[in-house]
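Undergrad:
Protein chains in written order, with the numbering used here: chain A, 1 to 867; chain B, 868 to 1098.
The structure is reproduced here in structure tokens:
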């Protein structure tokens, strides 16, 4: 039960002597020396020790994991001792793994085989790939000629663990590699896999677990996630000798009092220059809409330079389009690829020598992951730039950059005790075996995600699966398993059980996408939420081109080309990434440092010097940050990690905004703002407006609001139950309940060969939600939906910590009245107008406010000092 | 809540003289959903019986008129429907002397069950000034007051938390008085009438219709004209 960091790599000789002469010969014919991950990992894996290998992207992790295994299998094969069984399973979150596997597994095996042939030897190691795309024919072949190394996804592993024939093959697996484990651990797919691993381990007791991860924190937690609370694990935390060249850049020297036209022009000129100076540039825009916009503008502003050599890549584009872009990228045919977040993970994307982030990547880990996509060869420089859009963005990104360079990486959140996933997995286990419930409980608790699973929750799920939520005479329909309380055993029920679980397996909810078509030709897809906002004649952007909306029928939208016309509707909505909590605290700390500098009357020169050094930013940026903070300081107060500022501001229409400067990230602010609004809503039933961002939130009303009293009276120990009430009737709970109910197989996405539309699923879920509430307001699946909303989507825990800090006086609340919003509030207030304002107007609004601020503070101070 | 002479709203039902009118029970809907892969527990019959109990404690009538769509499935009778419909009849006969079943669009196959209790299916029911008809088809020679179901009227308000309420509608059809009754089933609330697109050919524009919202306790309240309702 120990997680231990490996202090130093093994010596080359130590690793070398483990290798079979043939493998050794092959290796050194190809590589000069072992890479660092290989020096750390190969020996440990050879000795069957569980290990987590964490190294930046673009390393040799995958081959590290496979080298020991190949070595072993080559040895067995030459001795003719290779059995017809699966020795190793490789699990990756992505289906499109062919590329990586080709390089790290197929090629080495092919070359070793050829090398053996030259010596008159024969090696026959088989590889099999089983994903959702594998045909029945291929599966049959696999059963006849068992692959020694099996490549798969979490969902396909789940299916194999339910199929009698494959189940037999999976008894006695010796290694299991989980690739991109950090990406899996963050969501319910990872929770699912975590339980599947225990099932696999149960039938393969000598399983050695190997996790491959990018640089994330807390690395020990990921290691524990890999092995659970009862097994040992080694950690190889490899920092690369890769050189980093990371910078925050701005199109203009300052980001205030500039016109949209100027910014726009400067931004695209800068992008164009950067792209032209490099061979291939990868741009991240955070949103799909942003991706479309950037491609559109680059094409229209520089028509001669960007035609066939630029591509858009995001989740809403058709699979064919995305593959096309990926292939072109690999072939080096593209000068520039613009994506939302879709190229952050996985597949080898070819040669990239510059990564640009437009706007904040919102977390240090994410930024490092993105820039890791550049500098293909091992020792090449990683080159990344963050292009900032406004002053808040500048501060945020500068702090982010500092943390990235200092290797202070934000912690990821691993969901635990998800009851919907638990239900699905227990059901799948009952399909293949009869289990004693007490032993099953113990077995499941060996996984990290369920190590604290309570007996109560466990039996709630057993009862749910056994259909005990309905009358006895109905249970034959509702029961998915039988549960014998005498023998304390559970087992499968019904002929359809296996088919139902297999066709509904997994944790990824169906997305509400609507097809966009011209006639019968599919252009791409958009969300339902976006569709609702479209009116006849609206022009929107998809795939970098503009289209006019005509009408919609069922799940498809008819459009016609509107080439050359500008879009009438922007397509941003809730896909914005939330700021990580750790990074938020770092920004707050920086705010406090600057405030202290102001307080102790340091000279402008000294402060500039401090900013310059502390944040690794250039002079322009330091100057802009200085001005921004100075204005806030002179006009109002600087909120920071120990001081929440609450600002009252009344606009021209007599609407009073109560602005909470709580820079804790959107996930925490979602909780805090809803809690305040819920308490206030009990007093003022109507006319309550809420706005939230990463930097704070506001409540606004034409009536007098006791918002601060409501906020300071929030009791941390009652926050959870308060929030459960607050989200009770929200759209978000209804949607998440649908996701949970489908995972728990209460709503079947596919039944009797018919696939249910998302719309239909949602209607079903509404009926179900009402019914379930009447059985028990704490019905396990409903409880899980609430947990998912509060813990995974929002951040109840950290919100609670903030309230505790307030309660114990560690964080003070200070109130202030302003006739114009303070500079730190501009972004937040204008965010609230986002729906009705265009980007241009937003900038005008901020500029106008800024001029008013300058006029005010200028009277009291030397305005030259600030400007 | 009195609507016209001899006509008043009692919970989700309408009392007309010695008759109690209810519509759109959609019995067996759970099993139908079940066959579509939705594991919804069965509540509907108990709910309906409970509500009827509440109603019979308030009023005494001789006759119950079911204004169409007694059960859900169109072309078949599922197991739950056999069970639930008969249970409902047996309960009703402990309270009233007569049950009249008006044909609804879902009631394609109903005769086999009705035969079990010697009941007949009628296309509509007339008495004095009143015509009671399901509402999916227009017939001629209507009386001065028409009572239909079929539409499942409900109203939702945009104020958060957005809730939807079942309601009665009272307006005009060809210069005659039209009353639309809500569905008696609690599985679904109904269709928001302010979204337009009506199922029933009796309803076209409802701006000038009056609406009466029924709360959870079964009390109806006059909310006035649709066009004057808050959003």
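Backbone N, C-alpha and C fix where the C-beta goes; we use that ideal spot for every residue, glycine too. Because the structure is a prediction, the values reported are computed rather than measured.
If you pair each beta-carbon of the segment 609-617 of chain A with each one of the segment 698-713 of chain A, do three or more pairs fall below 8 Å?
TA: no
Undergrad: Could you tell me how far apart the beta carbons of residue 238 of chain A and residue 55 of chain A are, in whole angstroms, since I believe they sit closer than 8 Å?
TA: Stepping through the first chain from its first residue, residue 238 of chain A is reached at position 238. Stepping through the first chain from its first residue, residue 55 of chain A is reached at position 55. The Cβ separation is near 4 Å, so the contact holds.
Undergrad: Roughly how many angstroms separate the alpha carbons of residue 880 of chain A and residue 449 of chain A, rounded to a whole number?
TA: Residue coverage of chain A in this structure runs from 1 to 867, which leaves residue 880 of chain A outside it and unanswerable.
Undergrad: First and last residue of the beta strand (DSSP E) that includes residue 1017 of chain B?
TA: Here residue 1017 of chain B corresponds to residue number 150 of the second chain, with the count starting at 1. Element bounds for residue 1017 of chain B: n/a, residue is neither H nor E.
Undergrad: For a contact meaning CB atoms closer than 9 Å, what does residue 748 of chain A contact in chain B?
TA: Looking up residue 748 of chain A in the first chain gives position 748. Chain B residues near residue 748 of chain A: 903, 904, 905 and 906.
Undergrad: Where does residue 571 of chain A land, buried or exposed, given buried means 16+ other C-beta within 10 angstroms?
TA: Residue numbering aside, residue 571 of chain A sits at position 571 when the first chain is read from its first letter. Only weak support exists for where residue 571 of chain A lies, its pLDDT of 49 falling under 50; the coordinates are left without a value.
Undergrad: Going by CA-CA distance only, name the one from B:893, B:1049, B:925 and B:970 that's closest to residue 947 of chain B.
TA: Taking the first residue of the second chain as 1, we reach residue 947 of chain B at position 80. Residue B:893 is the option with its Cα nearest to residue 947 of chain B.
Undergrad: Using the three-state DSSP reduction, which class does residue 558 of chain A fall into: helix, strand or coil?
TA: Here residue 558 of chain A refers to the residue found at position 558 of the first chain. DSSP places residue 558 of chain A in strand when its eight states are reduced to three.
Undergrad: Note down, one range per segment and in chain order, each beta strand (DSSP E) of at least 3 residues found wholly within the segment 623-655 of chain A.
TA: Given a length threshold of 3 residues, each whole run of the beta strand (DSSP E) inside the segment 623-655 of chain A is given here in chain order: 643-650.
Undergrad: How many angstroms separate the CA atom of residue 853 of chain A from the CA atom of residue 270 of chain A?
TA: Here residue 853 of chain A is taken as the residue at index 853 of the first chain, counted from 1. Here residue 270 of chain A is taken as the residue at index 270 of the first chain, counted from 1. Roughly 30 Å between the two C-alpha positions.
Undergrad: Under 6 Å Cβ to Cβ from residue 183 of chain A, same chain only, skipping five residues before and after it: list those, please.
TA: On the first chain, position 183 is the one that residue 183 of chain A refers to. Once the five neighbours on either side are set aside, the close Cβ partners of residue 183 of chain A are 93 and 345.
Undergrad: Straight-line CA distance for residue 953 of chain B to residue 983 of chain B?
TA: Taking the first residue of the second chain as 1, we reach residue 953 of chain B at position 86. Taking the first residue of the second chain as 1, we reach residue 983 of chain B at position 116. For the pair residue 953 of chain B and residue 983 of chain B, the Cα-to-Cα distance works out to about 8 Å.
Undergrad: Where does residue 1088 of chain B sit, in a helix, a strand or coil, going by DSSP?
TA: Position 221 of the second chain holds residue 1088 of chain B. Strand.
Undergrad: Within 10 Å of its beta-carbon, does residue 941 of chain A have 16 or more other beta-carbons around it, so buried, or fewer, so exposed?
TA: With chain A running from 1 to 867 in the structure shown, residue 941 of chain A is simply not present.
Undergrad: Please name the residues in the segment 697-724 of chain A whose beta-carbon is closer than 9 Å to at least one beta-carbon of chain B, in chain order.
TA: Those residues of the segment 697-724 of chain A that come within reach of chain B (Cβ to Cβ, closer than 9 Å) do not exist; the list is empty.
Undergrad: Given that a residue counts as buried once 16 or more other Cβ atoms are within 10 Å of its Cβ, and exposed if not, what is residue 808 of chain A?
TA: Taking the first chain and counting its residues from 1, the one referred to as residue 808 of chain A is at position 808. The residue in question, residue 808 of chain A, is exposed, as its Cβ has fewer than 16 Cβ neighbours within 10 Å.
Undergrad: Cβ closer than 8 Å: which chain B residues qualify as neighbours of residue 735 of chain A?
TA: On the first chain, residue 735 of chain A is found 735 positions in, with the first residue counted as 1. Here the premise fails: no neighbours, minimum Cβ distance about 14 Å.
Undergrad: Alpha carbon to alpha carbon, how far is residue 16 of chain A from residue 44 of chain A?
TA: Walking along the first chain from the start, residue 16 of chain A turns up at place 16. Walking along the first chain from the start, residue 44 of chain A turns up at place 44. Approximately 13 Å, taken between the alpha carbons.
Undergrad: If contact means a Cβ-Cβ distance below 9 Å, which residues of the segment 764-789 of chain A contact chain B?
TA: 764, 765, 766, 767, 768, 770, 771, 772, 774 and 775
Undergrad: Using only CA atoms, which one of A:784, A:390 and A:495 lies nearest to residue 249 of chain A?
TA: Position 249 of the first chain holds residue 249 of chain A. Among A:784, A:390 and A:495, the Cα nearest to that of residue 249 of chain A is on A:390.
Undergrad: State yes or no: is the beta carbon of residue 910 of chain B nearer than 8 Å to at least one beta carbon in chain A?
TA: Sequence index remark: in the second chain, residue 910 of chain B carries index 43 (1-based). Output row for residue 910 of chain B: interface = yes.
Undergrad: For residue 943 of chain B, which residues of its own chain have a beta-carbon under 7 Å away from its beta-carbon, when the five flanking residues on both sides are left out?
TA: Translated into positions along the second chain, residue 943 of chain B becomes position 76. 976.
Undergrad: Can you tell me which of the three DSSP states residue 26 of chain A falls into?
TA: The residue labelled residue 26 of chain A in the question sits at position 26 within the first chain. Here residue 26 of chain A sits in helix by DSSP.
Undergrad: Mind listing, in chain order, the continuous beta strand (DSSP E) runs of no fewer than 3 residues lying wholly within the segment 161-240 of chain A?
TA: 175-178, 208-213 and 233-237
Undergrad: When the distance is taken between beta carbons, is residue 255 of chain A closer than 8 Å to residue 373 of chain A?
TA: The residue you call residue 373 of chain A lines up with position 373 of the first chain. The residue you call residue 255 of chain A lines up with position 255 of the first chain. Cβ atoms of residue 373 of chain A and residue 255 of chain A: not closer than 8 Å.
Undergrad: Below 8 Å, can you find three or more Cβ-Cβ pairs linking the segment 774-788 of chain A to the segment 406-423 of chain A?
TA: yes
Undergrad: For residue 949 of chain B, which of helix, strand or coil comes out of DSSP?
TA: Translated into the one-based positions of the second chain, residue 949 of chain B becomes position 82. In the structure shown, residue 949 of chain B sits in a helix (DSSP, three-state: H, G or I).
Undergrad: Are the beta-carbon atoms belonging to residue 649 of chain A and residue 857 of chain A less than 8 Å from one another?
TA: Working through the first chain from its first residue, we reach residue 649 of chain A at position 649. Working through the first chain from its first residue, we reach residue 857 of chain A at position 857. Not in contact: residue 649 of chain A and residue 857 of chain A (Cβ atoms no closer than 8 Å).
Undergrad: For a cutoff of 8 Å on Cβ pairs, would you count residue 1055 of chain B as touching chain A?
TA: Counted from its first residue, the second chain places residue 1055 of chain B at position 188. By this cut-off, residue 1055 of chain B is an interface position.
Undergrad: I'd like the list of long-range same chain contacts for residue 794 of chain A, defined as Cβ closer than 7 Å, with 5 residues on each side in sequence excluded.
TA: Here residue 794 of chain A refers to the residue found at position 794 of the first chain. For residue 794 of chain A, where only same-chain residues beyond five positions count, the Cβ hits under 7 Å are 667, 670 and 671.
Undergrad: Taking the straight line between their C-alpha atoms, what separation do you get for residue 173 of chain A and residue 425 of chain A?
TA: Walking along the first chain from the start, residue 173 of chain A turns up at place 173. Walking along the first chain from the start, residue 425 of chain A turns up at place 425. Straight-line Cα distance between these residues: approximately 20 Å.
Undergrad: How close, in whole Å, do the beta carbons of residue 178 of chain A and residue 212 of chain A come, if the pair is a contact with beta carbons under 8 Å?
TA: The residue you call residue 178 of chain A lines up with position 178 of the first chain. The residue you call residue 212 of chain A lines up with position 212 of the first chain. The pair is a contact, with the Cβ atoms about 7 Å apart (cut-off 8 Å).
Undergrad: I need the straight-line Cα distance from residue 579 of chain A to residue 366 of chain A, nearest angstrom please.
TA: Taking the first chain and counting its residues from 1, the one referred to as residue 579 of chain A is at position 579. Taking the first chain and counting its residues from 1, the one referred to as residue 366 of chain A is at position 366. Taking the straight line joining both Cα atoms gives about 11 Å.
Undergrad: Measure the C-alpha to C-alpha separation of residue 989 of chain B and residue 467 of chain A and round it to an integer number of angstroms.
TA: To locate residue 989 of chain B, count along the second chain from 1; it is residue 122. To locate residue 467 of chain A, count along the first chain from 1; it is residue 467. Approximately 40 Å, taken between the alpha carbons.
Undergrad: Quick one: which unbroken alpha helix (DSSP H) runs of 4-plus residues sit fully inside the segment 126-166 of chain A? Chain order, please.
TA: Taken in chain order, the complete alpha helix (DSSP H) segments of 4 residues or longer contained in the segment 126-166 of chain A are 136-144 and 154-160.
Undergrad: Check residue 387 of chain A in the structure and name its three-state DSSP category.
TA: Within the first chain, residue 387 of chain A is the residue found at index 387, counting from 1. DSSP places residue 387 of chain A in strand when its eight states are reduced to three.
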